[in-house]
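Single-structure report; data block below.
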Amino acid sequence: MTLKQLRAFLAVAQTLSFAQACEQLHLSQSALSLTIKALEDQLGGRLFSRTTRSVSLTPEGEALLPLARRLLAEWSRTEHELRQRFALQQGHVSVAAMPSFAGNLLPPVLRVFREAHPGIRIRVHDVINEEVLDQVRARQVEVGIAFEPPPGSPLQFTPLYVDRFHAVLPADSALAMQADTDWATLLQYPFIALQAPSAVRVMLEERLAAHGMALPVEIESHQLATVGRMVACGLGVSAVPALCVRQMHELGARCVALRAPVIQRPVGILTRRDGELSTAAVAFCDTLQQAVTGFDLPR
-1 MTLKQLRAFL
9 AVAQTLSFAQ
19 ACEQLHLSQS
29 ALSLTIKALE
39 DQLGGRLFSR
49 TTRSVSLTPE
59 GEALLPLARR
69 LLAEWSRTEH
79 ELRQRFALQQ
89 GHVSVAAMPS
99 FAGNLLPPVL
109 RVFREAHPGI
119 RIRVHDVINE
129 EVLDQVRARQ
139 VEVGIAFEPP
149 PGSPLQFTPL
159 YVDRFHAVLP
169 ADSALAMQAD
179 TDWATLLQYP
189 FIALQAPSAV
199 RVMLEERLAA
209 HGMALPVEIE
219 SHQLATVGRM
229 VACGLGVSAV
239 PALCVRQMHE
249 LGARCVALRA
259 PVIQRPVGIL
269 TRRDGELSTA
279 AVAFCDTLQQ
289 AVTGFDLPR
């Protein structure tokens, strides 16, 4: 059964008049009669009893009437919902973001997006970098925000900015008074690190090992906020991406740029190469790219 046939059937069934149904549907009587006949032929029997003076439903027509009403109502709801989605008045976006981004840059991005598209629901998964990649690959989320994946990754990476690591220091530290410091100086102090398999921890260890240095880790934590508070209390030093600098300052620590070596890595949007994003997800990615360009990140 086609939509055209169901609408024709319903118009005749509700008016019990081919003439009135023709007016409703803007069809000629011959076109309407052919449509009804095609439906009856397809189903295998008559749906209407017709005389020169009256039209009535057959028992089979009576059985079809409530079903036709439900089908057309469901189609109308579906059509309306899809139009709302394409018009960004309805829908949802699922996003996975590494904690350093989710806790610092994502909230203002979400505010801009919500102001523009208040009908779109947003689900945020605040997970470590590796889990972001896993969730995008498994289609658990449409969009991921993380460090650039290694070469050969099946995911599409769209860079947003390059994040450089900064030293995290107690506010009363002599190093906190300087414009920057080097890794050799920083590593003379007890180091507070994120626990493995954090991408930040792995990246720092690999880059420093390439320069003949190792992290003197004395305390580990899963949360960046905990690391910041530990440093602020004078338990040691740490290193975080630049986008966490403001958070570290709010926690009572101080940050300065790190050099010798400069450790940095692109952060961007991750999506699957083999799938098309929903209209809402495309709009979110556009908002994300526009918003990030306006952020004043430490360098």
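Heads up: the sequence shown begins at -1 in the numbering used here, then just goes up one per residue.
Glycine included, each C-beta is placed from N, C-alpha and C at the ideal position.
As the structure is a prediction and not an experimental result, all values here were calculated from the model.
Assigned secondary structure, residue i (DSSP; H/G/I helix, E/B strand, else coil)
i      : result
PHE293 : coil
CYS253 : strand
PRO106 : helix
PRO259 : coil
SER28  : helix
ALA172 : helix
ILE34  : helix
GLY101 : coil
ASP272 : coil
GLY226 : helix
ALA165 : strand
GLU203 : helix
ALA136 : coil
GLN87  : coil
ARG119 : strand
ALA95  : strand
GLY59  : helix
SER74  : helix
VAL125 : coil
ARG48  : strand
Member of the options whose CA lies at the smallest distance from the CA of residue i
i       : options                           : result
THR33   : PRO188, ALA6 and THR56            : ALA6
GLU216  : GLY210, HIS209, VAL198 and TYR187 : TYR187
SER47   : ALA71, LEU14 and ALA169           : LEU14
THR285  : LEU131, VAL134, THR49 and VAL141  : VAL141
GLY43   : LEU30, THR50, PRO57 and THR49     : PRO57
MET(-1) : LEU65, GLY89 and ALA19            : LEU65
ALA114  : GLY292, ALA281, GLN287 and PRO239 : ALA281
GLU218  : HIS123, ASP124 and VAL235         : VAL235
ILE190  : ALA237, LEU206 and PHE155         : ALA237
HIS247  : SER54, LEU167 and PRO195          : LEU167
SER54   : CYS283, PHE155 and VAL10          : VAL10
ARG135  : LEU23, THR269 and ALA144          : THR269
PRO105  : ARG271, LEU275, SER151 and GLN245 : GLN245
GLN82   : PRO116, VAL107, GLY266 and LEU63  : PRO116
THR183  : ALA258, VAL107, PHE84 and GLU60   : ALA258
CB-CB length for residue i against residue j, believed under 8 angstroms
i      : j      : result
ARG67  : LEU8   : 7 angstroms
ALA197 : VAL229 : That pair is no contact at about 20 angstroms.
GLU129 : ALA94  : 7 angstroms
LEU249 : GLY232 : That pair is no contact at about 13 angstroms.
THR277 : LEU86  : 6 angstroms
LEU192 : HIS220 : 7 angstroms
ILE120 : VAL91  : 5 angstroms
GLN299 : LEU37  : The structure shown does not extend to residue 299, since the chain is modelled only from -1 to 297, so the question has no answer here.
PHE16  : LEU30  : 6 angstroms
ASP178 : VAL243 : About 13 angstroms separates the two Cβ atoms, so there is no contact after all.
ALA208 : VAL200 : Their Cβ separation, rounded to whole angstroms, is 13 angstroms, which puts ALA208 and VAL200 out of contact at 8 angstroms.
VAL110 : ALA289 : 5 angstroms
MET211 : LEU173 : 17 angstroms between Cβ atoms; not a contact.
GLN287 : LEU158 : 7 angstroms
Residue i, buried or exposed, once every other Cβ within 10 Å from all chains shown has been counted against 16
i      : result
LEU256 : buried
GLY273 : exposed
HIS78  : exposed
THR76  : exposed
MET96  : buried
GLN133 : buried
MET175 : exposed
ALA50  : The amino acid at residue 50 is misidentified as Ala; the sequence shows Thr. Classification for THR50: exposed.
ALA169 : exposed
PHE99  : buried
TRP181 : buried
ALA19  : buried
PRO239 : buried
SER171 : buried
LEU80  : exposed
GLY292 : exposed
Are at least three pairs of beta-carbons, each pair with one atom in the segment 257 to 271 and one in the segment 154 to 165, less than 8 angstroms apart?
yes
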